[in-house]
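Per the working numbering, residue 453 is the first one in the sequence shown, and the count goes up by one each step. Data block below; observations after.
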Amino acid sequence: MDHTTEFQNEDPEQRKINIGGIGFPGEPYSLVLTNIFKEPSAHLNAVPPWGLPGLYEVTLVLGKPGVRTFPENEVKFADFMEGSSHLAILSPAFPAPADAMRIVIAVEGETDSFVFEGSPDKGGFLAKLHSKPFQAQDRNDAETRATKAAQSVLSEYSANLDIPLRINLIEVTEVATSNKSLALMTPFQSGGTSAPIEAYDPEFANVAALYREALNSNTPAYRFLCLYKILEASRKRRERLIRNLKREHRPVRIGEVIPTTHAEQIAWLKAIFVGPRKWEEITLDQIFPLEVRGKKLTAVFDGPLRRVRDKIAHGILDTGSYLHFDDLTSTREITRWLPFLRCAVRRTLKNDFQNHYLQFLREDGTVAYDYLSKK
Numbered sequence: 453m454d455h456t457t458e459f460q461n462e463d464p465e466q467r468k469i470n471i472g473g474i475g476f477p478g479e480p481y482s483l484v485l486t487n488i489f490k491e492p493s494a495h496l497n498a499v500p501p502w503g504l505p506g507l508y509e510v511t512l513v514l515g516k517p518g519v520r521t522f523p524e525n526e527v528k529f530a531d532f533m534e535g536s537s538h539l540a541i542l543s544p545a546f547p548a549p550a551d552a553m554r555i556v557i558a559v560e561g562e563t564d565s566f567v568f569e570g571s572p573d574k575g576g577f578l579a580k581l582h583s584k585p586f587q588a589q590d591r592n593d594a595e596t597r598a599t600k601a602a603q604s605v606l607s608e609y610s611a612n613l614d615i616p617l618r619i620n621l622i623e624v625t626e627v628a629t630s631n632k633s634l635a636l637m638t639p640f641q642s643g644g645t646s647a648p649i650e651a652y653d654p655e656f657a658n659v660a661a662l663y664r665e666a667l668n669s670n671t672p673a674y675r676f677l678c679l680y681k682i683l684e685a686s687r688k689r690r691e692r693l694i695r696n697l698k699r700e701h702r703p704v705r706i707g708e709v710i711p712t713t714h715a716e717q718i719a720w721l722k723a724i725f726v727g728p729r730k731w732e733e734i735t736l737d738q739i740f741p742l743e744v745r746g747k748k749l750t751a752v753f754d755g756p757l758r759r760v761r762d763k764i765a766h767g768i769l770d771t772g773s774y775l776h777f778d779d780l781t782s783t784r785e786i787t788r789w790l791p792f793l794r795c796a797v798r799r800t801l802k803n804d805f806q807n808h809y810l811q812f813l814r815e816d817g818t819v820a821y822d823y824l825s826k827k
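Below, the structure written as structure tokens:
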């Protein structure tokens, strides 16, 4: 998902943005920041946010798992971020020449060649990778190709040295305009509840653990598989339970046809998310792809969700080509479905475990305070 804004702050030390409500919590989005030029460079104002064919630079800021150096709702440009990693490249972490300032990594891929400069943190560990300028068709092309090349190198280091190497920020700069895009993650909202804990149910405990595991993961493929497994477990559980019920006693499952209009979608979401949320049109379009609107959850599960699951689980497609997790084209196919999948899981859990899951949240989104006060 892309979001475009104009950024005119002249103080480089203040080049940070506080964000909130952009996109679906916990999922990626792109923020494009465009410069506004005066004469004699005003012609550059006609360049679209996604860029034109020309030179681009890509900077990747690394970070250690579980370590964050600034608030999660704050966005900074790469120059003002302090990256870090477990990969030692210069002194004092690595026995390099004392006057060495950076390293250079040349990457030869199947179709591309890139040169990256690697800069260290204060301890001598790799903090950032910055590409030399290269030709690309547009901003998306530049990000996809450079990130694939950089991640292939990071994956080799990770596998050889048994260290995690995580990218916290991807910044793409169009050289002609200095317009920048940032690949970011929408922060989660805070939440709290005083709902009483019901008697232990091992089946619910299992799916709740899978849900928490999905939210804790920063790997799209693993997150997808955890959430998909919940829907898979629900189907098997329903099949088992329904065999023992007469037709007239079978449960009515609310909300398992995907709404089509934005008004219907907002009403649908209110029944499965606690607390006030501002569902922007851009977020609704992210959650509800066109191909799912008006369909049953079971049809989407058997169709596009199963196809993505099979690609992840099998690793090799029917054509024999690999689903390459260092390639943004592959991961974007997965992340595209994660917002909808998470919502589908929440709707399914609310129907399946009415005594354990969102039992205090009515279908219109209001809270049943009489339930919350129950001892």
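Yeah, the Cβ is synthetic: ideal placement off N, Cα and C, and Gly gets one too.
Inset, instruction - State the DSSP-derived secondary structure class of G643, mapped to helix, strand or coil. - result: For the purposes of this step, residue 643 is taken as the residue at position 191 of the sequence shown. In this structure, G643 counts as coil in the three-state DSSP scheme.
Legend entry - Option in A550, S565, D551 with minimal Cα separation from I557: Mapped onto the sequence shown, residue 557 falls at position 105. Nearest C-alpha to I557: S565.
Legend entry - Whole-angstrom distance between A601 and Y674, CA atom to CA atom: By one-based count along the sequence shown, residue 674 stands at place 222. By one-based count along the sequence shown, residue 601 stands at place 149. Between Y674 and A601, the C-alpha separation is close to 22 angstroms.
Inset, instruction - Let me know if T638 comes out buried or exposed under the rule of 16 or more other beta-carbons within 10 Å of its beta-carbon. - result: If you number the sequence shown from 1, residue 638 lands on position 186. The residue is buried, with at least 16 neighbouring Cβ atoms inside 10 Å.
Inset, instruction - Please confirm whether I710 and V744 have their CB atoms less than 8 angstroms apart. - result: Within the sequence shown, the letter at position 258 stands for residue 710. Within the sequence shown, the letter at position 292 stands for residue 744. Result yes, Cβ atoms of I710 and V744 sit closer than 8 angstroms.
Legend entry - Element boundaries [beta strand (DSSP E), containing I555]: The sequence position of residue 555 within the sequence shown is 103, counting from 1. First-last of the beta strand (DSSP E) with I555: 555-560.
Legend entry - Exposure label - P517; buried when at least 16 CB within 10 Å: Locating residue 517 in the sequence shown gives position 65, counting from the first residue. Exposed, since its Cβ has fewer than 16 Cβ neighbours within 10 Å.
Inset, instruction - State buried or exposed for Q466, treating a residue as buried only when at least 16 other CB atoms are found within 10 Å of its CB. - result: Position 14 of the sequence shown, counted from the first residue, corresponds to residue 466. Since pLDDT at Q466 reaches only 49, below the 50 mark, its modelled position is unreliable, and the value read off the structure follows with that caveat. That one is exposed.
Inset, instruction - Flag this pair as yes or no: are the beta carbons of L667 and G478 separated by less than 8 angstroms? - result: Here the question's residue 667 lines up with position 215 in the sequence shown. Here the question's residue 478 lines up with position 26 in the sequence shown. Yes, these two residues count as a Cβ contact at 8 angstroms.
Inset, instruction - Can you give me the Cβ contacts of N620 inside the same chain, cut-off strictly under 6 angstroms, excluding the 5 residues immediately before and after it? - result: Start at 1 with the first residue of the sequence shown, and residue 620 comes out as number 168. Take N620, set aside five residues on each side of it, and the residues of its chain with a beta-carbon closer than 6 angstroms to its own are V513, G515, in chain order.
Legend entry - Where R618 falls: helix, strand or coil (DSSP): Locating residue 618 in the sequence shown gives position 166, where the first residue counts as 1. For R618, the secondary structure class from DSSP, reduced to helix, strand or coil, is strand.
Legend entry - Spatially closest choice to L749 from Q717, P572, E708, L757, by CA coordinates: Start at 1 with the first residue of the sequence shown, and residue 749 comes out as number 297. Per the Cα distances, E708.
Inset, instruction - Determine the contact status of F568 and L507, defining contact as a CB-CB distance below 8 angstroms. - result: On the sequence shown, residue 568 is found 116 positions in, with the first residue counted as 1. On the sequence shown, residue 507 is found 55 positions in, with the first residue counted as 1. Taking 8 angstroms as the Cβ cut-off, F568 and L507 do not qualify as a contacting pair.
Inset, instruction - Report yes if the C-beta distance between S583 and E526 is below 8 angstroms; otherwise report no. - result: For the purposes of this step, residue 583 is taken as the residue at position 131 of the sequence shown. For the purposes of this step, residue 526 is taken as the residue at position 74 of the sequence shown. Not a contact, by the Cβ cut-off of 8 angstroms.
Inset, instruction - With DSSP collapsed to three states, give me the class of P654. - result: On the sequence shown, residue 654 is found 202 positions in, with the first residue counted as 1. Helix.
Legend entry - E623 to E608 span [Cα, whole Å]: As a first step, residue 623 must be located in the sequence shown, where it is residue number 171. As a first step, residue 608 must be located in the sequence shown, where it is residue number 156. Near 22 angstroms, if we compare the C-alpha coordinates of E608 and E623.
Inset, instruction - Given a cut-off of 8 angstroms, decide if P480 and A661 are closer than it, judged by their beta-carbon atoms. - result: What you label residue 661 is simply residue 209 of the sequence shown in a count that begins at 1. What you label residue 480 is simply residue 28 of the sequence shown in a count that begins at 1. Contact flag unset, no.
Inset, instruction - Compare the C-alpha of I541 against each of R705, I718, E684, L578 and name the closest. - result: In the sequence shown, residue 541 corresponds to position 89, counting from 1. Of the candidates R705, I718, E684, L578, the one whose C-alpha sits nearest the C-alpha of I541 is L578.
Legend entry - Cβ contact (3+ pairs, closer than 8 angstroms) linking the segment 792-804 and the segment 675-694: yes
Legend entry - Contact under 8 angstroms by Cβ, W502 with R597: Position 50 of the sequence shown, counted from the start, is the residue given in the question as residue 502. Position 145 of the sequence shown, counted from the start, is the residue given in the question as residue 597. No.
Legend entry - DSSP-derived helix/strand/coil call for L542: As a first step, residue 542 is located in the sequence shown; it is residue number 90 there, counting from the start. In the structure shown, L542 sits in coil (DSSP, three-state: anything other than H, G, I, E or B).
Inset, instruction - Take N807 and list the residues in its own chain whose beta-carbon comes closer than 7 angstroms to its own, dropping the five residues that flank it on each side. - result: Translated into positions along the sequence shown, residue 807 becomes position 355. Contacts found: E650.
Legend entry - Whole-angstrom distance between G575 and S543, CA atom to CA atom: Taking the first residue of the sequence shown as position 1, residue 543 is located at position 91. Taking the first residue of the sequence shown as position 1, residue 575 is located at position 123. For S543 and G575, the gap between their C-alpha atoms comes out near 7 angstroms.
Inset, instruction - Could you check the C-alpha separation between A494 and V484 for me, to the nearest Å? - result: Numbered from its first residue, the sequence shown carries residue 494 at position 42. Numbered from its first residue, the sequence shown carries residue 484 at position 32. Taking the straight line from one Cα to the other gives about 19 angstroms.
Inset, instruction - Would you kindly work out how many angstroms separate the C-alpha atoms of L742 and C795, rounded to a whole number? - result: In the sequence shown, residue 742 corresponds to position 290, counting from 1. In the sequence shown, residue 795 corresponds to position 343, counting from 1. Rounded to the nearest angstrom, the two C-alpha atoms are 15 angstroms apart.
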